[in-house]
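Report on the following structure.
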Amino acid sequence: MMDDVDTTARLRRAGQRPRSNDILQMILDAQTGDKDGEHAYGRKVIEDRYIISNCIILLMAGFDTTSAALAFTMYLVAKHPEEQARILEEVEARFPGAAELSFDQLHQLERLDAVVKESLRLYPSVPIMVMRQCAQDTTVLGRFIPAGVTVVAPPWHIHHDPQLWPEPDEFRPDRFLGEGSNQRHIATYFPFGLGQKTCIGKRVALLSLKTTFMKVLRAYKLDICEQTQQPMRVAVPNLVLNPEIGVHLRFTPREA
């Protein structure tokens, strides 16, 4: 993978590969200042090793976190089959007879969006590692924080705080529907982080998650089975939240 990224970058610089509207091209433009014919006098801003590492992080982080989020979402709708019916009813009501759902159509499915958001609230992919360094001495809620101190904002704890989320351990997608959902403080829900350093792969991850989930849901009815762990226990083997023993479900083909 490292060689592929390095080779593609070199070929694009040499003009042997066309420009492309992707993250690699954006980083190459930032490196040389070369965008639409403009140059930065050959001054390099970003070293090649950082280009390669950032592209690999984007791919790997999007894969592991998205697969875990997909497993948790399938587990939740298997426990709550009424949500499967609601999502499919919304699809049929909005896009009757649609064999495939486009990017724009997926974004119009409010129930699907609410289910995915509630799944990520209950099981945030990165449950702890949202950190920021205090730039200057400050006081927050009466607590003094000196400059240079690293502040950790753990999504898991904030997403399960009963003062912020009534019945926080309950699966309730309706939390993310209606006008009230837009009045919630931004720092009460951040499965992808916050601010300028929010997850660069957020949109890709959500698109992949929703696309795969809908492919499965339209083809199969999901149910819990004898091997399903209840309640679900989780582990964090490599910074990413995962089901402790995987997710075991019964897949029943839907009638055509």
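Just so we're aligned, residue 5 is where the sequence shown starts under my numbering, counting upward by one. Positions of the beta carbon are idealized from the N, C-alpha and C atoms, including for glycine. The model shown is predicted, which means the values in this text are computed figures rather than measured ones.
Alpha-carbon spacing of residue i relative to residue j, whole angstroms
i    : j    : result
E174 : P166 : 11 angstroms
L198 : L124 : 15 angstroms
D26  : I132 : 29 angstroms
I50  : L126 : 37 angstroms
F217 : V120 : 9 angstroms
D40  : R207 : Low per-residue confidence applies at D40: pLDDT is 46, beneath 50, and the placement is therefore not dependable, though the value from the model is reported in the following sentence. Their Cα atoms are separated by approximately 25 angstroms.
V144 : S185 : 26 angstroms
M6   : D33  : 19 angstroms
P159 : C203 : 13 angstroms
E96  : L221 : 13 angstroms
L110 : G146 : 44 angstroms
L113 : S106 : 11 angstroms
Q187 : P170 : 15 angstroms
F148 : Q234 : 42 angstroms
E87  : L243 : 29 angstroms
R258 : T192 : 38 angstroms
M30  : F99  : 35 angstroms
T215 : Q20  : 34 angstroms
Q200 : D108 : 25 angstroms
L62  : M236 : 28 angstroms
Y54  : S71  : 26 angstroms
F194 : C138 : 19 angstroms
A267 : I60  : With the chain covering only 5 through 260, there is no way to say anything about residue 267.
CB of residue i within 7 angstroms of CB of residue j, strictly
i    : j    : result
P172 : H161 : no
L28  : S129 : no
F180 : A89  : no
L226 : A73  : no
A18  : V251 : no
V240 : E248 : no
R136 : V153 : no
G140 : A151 : The residue asked about is misnamed: residue 140 is Gln in this sequence, not Gly. Yes. Within cutoff.
CB-CB length for residue i against residue j, believed under 8 angstroms
i    : j    : result
C229 : L253 : 6 angstroms
R23  : R16  : 7 angstroms
Residue from the options with nearest C-alpha to residue i
i    : options                  : result
P177 : T77, I60 and D8          : T77
I56  : E248, Y79 and T12        : T12
D10  : A209, F194, D52 and E122 : D52
A223 : A151, P150 and A103      : A103
Q3   : V153, V134, N58 and D68  : Residue 3 lies beyond the stretch modelled for the chain, which goes from 5 to 260, so this question has no answer here.
E122 : P85, T256, L80 and F67   : L80
K219 : T69, K201, P195 and F255 : F255
Q231 : E94, A82, D108 and I60   : A82
F196 : D8, V134 and I60         : V134
Burial state of residue i (16 or more Cβ within 10 Å)
i    : result
G101 : exposed
I190 : exposed
G182 : exposed
G205 : buried
L116 : buried
F67  : exposed
T69  : buried
P85  : exposed
I91  : buried
heavy atom of the ligand PLP below 6 angstroms from residue i C-beta
i    : result
G205 : In terms of ligand content, the structure shown is empty, and the ligand PLP therefore cannot be addressed.
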